[in-house]
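Student: The following block contains the structure, expressed as structure tokens.
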Amino acid sequence: MSAEPQIELIGIDKYYGSFHALKDINLTIPKGQFVALVGPSGCGKSTLLRSLAGLENISGGTMKIAGALMNGVPPRKRDVAMVFQSYALYPHMTVEQNLTYSLRLKGVPKEEMRRATEEVARTIGLDNLLHRYPRELSGGQRQRVAMGRAIIRHPKAFLFDEPLSNLDAALRVHMRKEIRALHDRLGATSVYVTHDQIEAMTMADHVVVMRDGVIEQQGSPLDLYDRPATRFVAGFIGSPAMNFIPARIGPDGASTVFDRPDIRSLPIGKKLDPGREVIVGLRPEHITVGAADGAGMTLKVAVVESTGSLTYLTTEEPLQLTIVMTGRTELAPGDAVQVSVPSAHVHIFDAETERAL
Amino acid sequence: MTRTYTPWFLLAVALGLAAIYLFPVYWMYVTSVKSGSEIFSNPPTFWPADPNVGVFGDVWARRAMPTYLWNSVVIAGGVTAITVVLGTGCAYVLARYRNVWIDIGLFCVLMLQVLPASVMVTPLFVGFNQIGLLNYPRTAVVLAAAAKAMPFFVVLVRATFMSVPRELEESALVDGNSRVGAFFSIVLPLARNGILVCAILTFMSAFGEYIYSKSIIQSPVLQPASVGLSGFLGPNSTDWNSIMAYSAIYVTPILAIFVILQRRIVAGLTSGALK
Amino acid sequence: MRFLNALRDGVGFDILLVGAALLFLVALAGAPLVYNVLMSFQQVDMFTLGALFRPFVGFDNYVAVVRQPEFWLVTRNTLIFVFGSMTGQFVLGFALALFFAQNFPGAATIRGLFLVSWVMPGLVVGGIWSLILAGDYGVLNVILRSLGIIQANVFWKSDPAFSIWAVVIANIWLGLAFNMLLLSVGLAAIPRDLYEAAELDGANAFQRFWTITLPMMRPTIGAVLSLGLIGTLQQFDLFPALTEGGPANTSNVAGFWSWQLSFQLYDFAKGATVSVMMFLLVLFASVIYVRSTRHEVRG
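In structure tokens:
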């Protein structure tokens, strides 16, 4: 790993008129890392990506790519490549012309262009498509041309703006692996924007969760999964989403108490002030289901859904939980079940600040 | 894209460009209220020194404007009526299907749009003469001008119909409507705005119709305002006062309508009607 | 009964709607066109005006028209008029379209103001320009002199060398808005992220215009140019107001000449003949228009 980070964002601020789109963003990306920017719509991830490309101006802060200051530098001098959500392939040019566009602009000699095209075409699997026009290609093929166009430039960084959202589910799964494999093979530095947290979790070395223009948390995918710093991150990462239940810390300081007399309290793994208002977070996959006797809480099943390999249970009020278990079940709506959660997997968040405790 | 110009600078330039372009219109109004000699002054004044607003009333009476303008309205109204009645249905059918016959039909309609009036006026005059239609000159002009206006109308309105989703008409048919019923109760109301815009454009254009009127209508009582203007407008005119005042009265209703409906018109034209 | 049913439902209804309009157009536009061609081969004078079948004279009329002393002058003028107007309208229209494609408050509204020229009667426009282009007291001369572009007054309307340019100038003003509007629509159809991708690939503003904008505007430009040609050939109203084709036919074009022959000299045969010649030119232009709109995507 080289000493100099490939991309450095220090204190980035951006305003659209009076709307504060990006608030004091700090992010350092070393060379060769695959970073995912995730978040709900409007969180500022695309804005951040476009600012990195130079397509948007920043209002404050410092931006460096490969050690060079990028503030005020126009996009075409930044040497970054972007794969757009709509691919932005030039419709009036063939695949080959699309790929070599940037090289032609620089006046690269024909022989060199031909070699570069061949190499990229082989890498991406486009060899026999070079003379087609974009309108003659399928969605997946167009996506690969978009990537080929980026690769041929050997840029300092690859920027992806939700490139897979226009593809169908099966193709998306396939392309996820291909993109990551390509990144590894090229030793590239990539910044990948998506609203799909599964993409982020499976593809990235480092995940940045954004919300309302701020970075809520960043870290390795499993870090974010095991130790979410806020309720938002906990609910955003992981599918199906975490269950949240308002509660209070019990008098013993070591368990949570729910405001229903018929629900037993849950032990937690730490010591907290008794009486404190909290939110309890339970991941559906961490809730164990047992027979209707013994330890744990007793709840009634409302809905049972099976995909063949997994079963999703939803319990009734007063405590509506989503539970995921592997395999099949004999349970049916109306049955009573005993649910329990190991204390290590009970997440506690402060009711006010929503930060993890 | 990041641009260094502020939007306000661009706005200023835009206003400047518009001012330059609209200068002739401004000049028309300004000249009409200038005194006779001021028009010929050297250098010319850009604002009338002693505006004579009475010139409008003057020209109105002296040049028989009420008659002329009324004829213009009659002709424009007739043209619009025929064009809308015949053209709307045609546009609807041409929008509904996509096959070889439609292509041929569209091509024929377009071809007929393309012929200059000065090409058409000779045979029309001779032909009208032969069937005695020249005894009803305004009717003859209405027919001729409607034929001139219809192809353009059909092309524009067809685009409007193409933006009405086919599913709405189909669900009306499934609900028990006949084609006629579906057309009048579902499709037509939805296309109403586009048709209205095109009808207004047709009216405004027919209001200024000149060549057919000049060639076919001999009697001054039946001539429209355009012919009336040509009576004292020519390469060697000097009575600019009256000419501009006449033009101003003639053109102001159209300009007023245009300014009020400008948004609608531009939106209707740019949203695909011009393809 | 079944016939009436077919009229209310199904194909009968469609045929009725299209048929009515087409019938009207054929009677009032198609038939006269054919009649025009017919008359160009006939001897037409005051005596035979009422008859349908007149003496057949073959190509005599065509020969006579070409032999007219003003024929070549009119042809030259028509070419100058067409090319001059179209170039001015297209270049200025494109420049304005590019300008107004930028994002600033009021862009759409101000752009709409330019359409004024489209709704004004041609005669009025001719009249106003007649005033502006006057030699002694016209405003254009004053402005040009104060900018130092000319030294003495140019007599736009009465100088044989300039009279054709007088009509060209007025026609450019008239047709500018239409060009600008069509080109604006074409420009707006180009997705913004193509420009962004090109910029990231290293293209500057000029390169983006040359490699992205122009190639993608090709069908639009084709339509604009051919519609512009058709519209310019159709132009008539400007002439009676500005120059009446003079002085000495130096600003006479085919369209106006044809009308003059028929309605001022009452030589309907020659008028019809010139019309047919023009029609062939217009036919050529409209074939180009239809071919360029083949690329149009329907609904």
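Protein chains in written order, with our numbering: chain E, -17 to 339; chain B, 7 to 281; chain U, 18 to 316. Think of the CB as a built atom: it goes at the ideal place given N, C-alpha and C, for glycine as much as any other residue. These numbers were taken from a predicted model, which means no experiment stands behind them.
(1) Short of 8 angstroms Cβ to Cβ, which residues in the segment 217 to 232 of chain U face chain E?
(2) In chain E, what lies closer than 7 angstroms to U/L204 by C-beta?
(3) Looking only at its own chain, which residues have a Cβ that is under 6 angstroms from the Cβ of E/E100, when we skip the five neighbours before and after it?
(4) Does DSSP put U/R315 in a helix, a strand or coil?
(5) Is there a Cβ of chain E sitting closer than 8 angstroms to that of U/A214, yes or no?
(6) Let me know if B/G234 comes out buried or exposed under the rule of 16 or more other beta-carbons within 10 Å of its beta-carbon.
(7) Should the segment 186 to 196 of chain E be called in touch with the segment 16 to 29 of chain E, which here means at least 3 C-beta pairs below 8 angstroms?
(8) So, using beta-carbon positions, are U/A237 and U/L198 closer together than 8 angstroms?
(9) With a threshold of 8 angstroms, are at least 3 pairs of Cβ atoms found where one atom belongs to the segment 181 to 189 of chain B and the other to the segment 203 to 214 of chain B?
(10) Do the CB positions of B/I255 and B/F62 come within less than 8 angstroms of each other?
(11) Is the beta carbon of U/A118 closer than 8 angstroms to that of U/A240?
(12) Between the beta-carbon of U/L139 and the beta-carbon of U/L148, is there less than 8 angstroms?
(13) Measure how close the beta-carbons of B/V125 and U/N53 come, nearest whole angstrom, since I'm counting them as under 8 angstroms.
(14) Tell me whether B/Q136 sits in a helix, a strand or coil according to DSSP, three-state version.
(15) Tell me which same chain residues have a C-beta within less than 7 angstroms of the C-beta of B/A205, skipping the five on either side of it?
(16) So, U/L130 versus U/L193, is the Cβ gap smaller than 8 angstroms?
(17) Shorter than 7 angstroms, the distance from the beta carbon of B/L267 to the closest heavy atom of the ligand SAH, or not?
(18) Write down the C-beta distance between U/P257 and B/G133 rounded to the nearest angstrom, noting that I regard them as a contact closer than 8 angstroms.
(19) Which residues, taken in chain order from the segment 87 to 102 of chain E, show a beta carbon closer than 7 angstroms to some beta carbon of chain U?
(20) Just how far apart, CA to CA, sit E/Y174 and E/F66?
(21) For E/E93, is the classification buried or exposed, using 16 other Cβ atoms within 10 angstroms of its Cβ as the cut-off for buried?
(22) Could you round the C-beta distance between U/S180 and U/G152 to whole angstroms and report it? I think they count as a contact, below 8 angstroms.
(23) Compare the C-beta of B/F213 against all C-beta atoms of chain U and say whether one is closer than 8 angstroms.
(24) By the DSSP assignment, the beta strand (DSSP E) with E/F16 in it spans what residues?
(25) Using only the alpha-carbon positions, how far apart do E/S120 and U/I145 sit?
(26) Kindly list the residues whose CB is nearer than 7 angstroms to the CB of E/T304, restricted to its own chain and excluding five residues on each side of it in sequence; keep chain order.
(27) Using a beta-carbon distance below 8 angstroms, is E/R114 in contact with chain U?
(28) Tell me, please, whether the CB atom of B/P57 is closer than 8 angstroms to any CB atom in chain U?
(29) Mind listing the chain E neighbours of U/P208? Cutoff is C-beta to C-beta under 8 angstroms, in chain order.
(30) Tell me, please, whether the CB atom of E/P57 is closer than 8 angstroms to any CB atom in chain U?
(31) What residues from chain U crowd round E/Y83, counting only those whose CB sits closer than 7 angstroms?
(32) Which class does U/F107 belong to by DSSP, given the choice of helix, strand or coil?
(33) Quick check on this structure: which residue in U/F223, U/R128 and U/E87 has the alpha carbon closest to the alpha carbon of B/L23?
(34) What residue does the beta strand (DSSP E) around U/A169 start on, and which one ends it?
(35) Assuming B/A123 contacts B/I222 (C-beta within less than 8 angstroms), just tell me the rounded distance between them.
(36) Looking at the secondary structure, which residues open and close the beta strand (DSSP E) in which E/P228 lies?
Tutor: This is what the structure holds:
(1) Taking 8 angstroms as the Cβ-Cβ cut-off against chain E, the residues of the segment 217 to 232 of chain U that qualify are L217, D218, G219, A220, N221, Q224, T228, I229 and P232.
(2) The count along the third sequence starts at 1 and reaches residue 204 of chain U at position 187. Contacts between U/L204 and chain E, judged by CB atoms closer than 7 angstroms, are missing: the closest CB pair is about 15 angstroms apart.
(3) As a working note, residue 100 of chain E is residue 118 in the first sequence. Nothing listed; no residue qualifies.
(4) For the purposes of this step, residue 315 of chain U is taken as the residue at position 298 of the third sequence. Residue confidence is low: U/R315 scores 32 on pLDDT, short of 50, so the model does not pin down where it sits. Its coordinate-derived value is still stated next. In the structure shown, U/R315 adopts coil according to DSSP, grouped into three states.
(5) Locating residue 214 of chain U in the third sequence gives position 197, counting from the first residue. Yes, contact with chain E.
(6) Position 228 of the second sequence, counting from 1, holds the residue named residue 234 of chain B. That one is buried.
(7) Cβ pair count under 8 angstroms is three or more, so yes.
(8) Translated into the one-based positions of the third sequence, residue 237 of chain U becomes position 220. Translated into the one-based positions of the third sequence, residue 198 of chain U becomes position 181. Per the sequence shown, the amino acid found at residue 237 of chain U is Thr instead of Ala. Contact: no.
(9) No, the segment 181 to 189 of chain B does not touch the segment 203 to 214 of chain B.
(10) Locating residue 255 of chain B in the second sequence gives position 249, counting from the first residue. Locating residue 62 of chain B in the second sequence gives position 56, counting from the first residue. Yes, these two residues count as a Cβ contact at 8 angstroms.
(11) Stepping through the third sequence from its first residue, residue 240 of chain U is reached at position 223. Stepping through the third sequence from its first residue, residue 118 of chain U is reached at position 101. 8 angstroms or more divides the Cβ of U/A240 from the Cβ of U/A118.
(12) Translated into the one-based positions of the third sequence, residue 139 of chain U becomes position 122. Translated into the one-based positions of the third sequence, residue 148 of chain U becomes position 131. Note on identity: in this sequence residue 139 of chain U is Gly, with Leu being the wrong assignment. No, these two residues do not count as a Cβ contact at 8 angstroms.
(13) The sequence position of residue 125 of chain B within the second sequence is 119, counting from 1. The sequence position of residue 53 of chain U within the third sequence is 36, counting from 1. Taking C-beta atoms under 8 angstroms as the contact rule, B/V125 and U/N53 qualify, at a distance of about 7 angstroms.
(14) Position 130 of the second sequence, counted from the first residue, corresponds to residue 136 of chain B. Helix, per DSSP.
(15) On the second sequence, position 199 is the one that residue 205 of chain B refers to. Cβ neighbours of B/A205 within its own chain (closer than 7 angstroms, five residues either side excluded): T86 and V90.
(16) The sequence position of residue 130 of chain U within the third sequence is 113, counting from 1. The sequence position of residue 193 of chain U within the third sequence is 176, counting from 1. At least 8 angstroms separates the beta-carbon of U/L130 from that of U/L193.
(17) As presented, the structure is devoid of all ligands, the ligand SAH included, so that no description of it is given.
(18) Here residue 257 of chain U corresponds to residue number 240 of the third sequence, with the count starting at 1. Here residue 133 of chain B corresponds to residue number 127 of the second sequence, with the count starting at 1. With 8 angstroms as the limit, U/P257 and B/G133 do not qualify as a contact, their Cβ atoms being about 23 angstroms apart.
(19) Identification of residues in the segment 87 to 102 of chain E having a C-beta nearer than 7 angstroms to some C-beta of chain U yields L87 and K88, given in sequence order.
(20) Position 192 of the first sequence, counted from the start, is the residue given in the question as residue 174 of chain E. Position 84 of the first sequence, counted from the start, is the residue given in the question as residue 66 of chain E. Those two C-alpha atoms are separated by around 11 angstroms.
(21) One-based indexing of the first sequence puts residue 93 of chain E at position 111. Answer is exposed; the Cβ neighbour count stays below 16.
(22) To locate residue 180 of chain U, count along the third sequence from 1; it is residue 163. To locate residue 152 of chain U, count along the third sequence from 1; it is residue 135. Taking a contact as a CB-CB distance under 8 angstroms, the pair U/S180 and U/G152 does not count as one, their CB atoms being some 11 angstroms apart.
(23) Along the second sequence, one-based indexing puts residue 213 of chain B at 207. Yes, B/F213 lies at the interface with chain U (some Cβ there is under 8 angstroms from its Cβ).
(24) Here the question's residue 16 of chain E lines up with position 34 in the first sequence. Segment F16 to V20, the beta strand (DSSP E) holding E/F16.
(25) Along the first sequence, read from residue 1 onward, the residue named residue 120 of chain E stands at position 138. Along the third sequence, read from residue 1 onward, the residue named residue 145 of chain U stands at position 128. Whole-angstrom Cα-Cα distance: 57 angstroms.
(26) In the first sequence, counting from the first residue as 1, residue 304 of chain E sits at position 322. Same-chain partners within the cutoff: P222, N225, P266, Y294 and T296.
(27) Translated into positions along the first sequence, residue 114 of chain E becomes position 132. E/R114 does not count as touching chain U.
(28) Residue numbering aside, residue 57 of chain B sits at position 51 when the second sequence is read from its first letter. With 8 angstroms as the cut-off, B/P57 does not count as an interface residue toward chain U.
(29) Indexing the third sequence from 1 puts residue 208 of chain U at position 191. Simply S68 and A70.
(30) Residue numbering aside, residue 57 of chain E sits at position 75 when the first sequence is read from its first letter. Answer yes: the Cβ-Cβ gap between E/P57 and chain U drops below 8 angstroms somewhere.
(31) For the purposes of this step, residue 83 of chain E is taken as residue 101 along the first sequence, with counting starting at 1. The contacting residues are D218.
(32) If you number the third sequence from 1, residue 107 of chain U lands on position 90. Here U/F107 sits in helix by DSSP.
(33) Here residue 23 of chain B refers to the residue found at position 17 when the second sequence is read from its first residue. Comparing alpha-carbon positions, the option among U/F223, U/R128 and U/E87 lying closest to B/L23 turns out to be U/R128.
(34) Here residue 169 of chain U refers to the residue found at position 152 when the third sequence is read from its first residue. Taken as a continuous stretch (DSSP letters only), U/A169 belongs to no beta strand (DSSP E), as it is neither H nor E.
(35) On the second sequence, residue 123 of chain B is found 117 positions in, with the first residue counted as 1. On the second sequence, residue 222 of chain B is found 216 positions in, with the first residue counted as 1. Not really, about 11 angstroms apart at Cβ, beyond 8 angstroms.
(36) Taking the first residue of the first sequence as position 1, residue 228 of chain E is located at position 246. E/P228: member of the beta strand (DSSP E) spanning N225 to I231, first to last residue.
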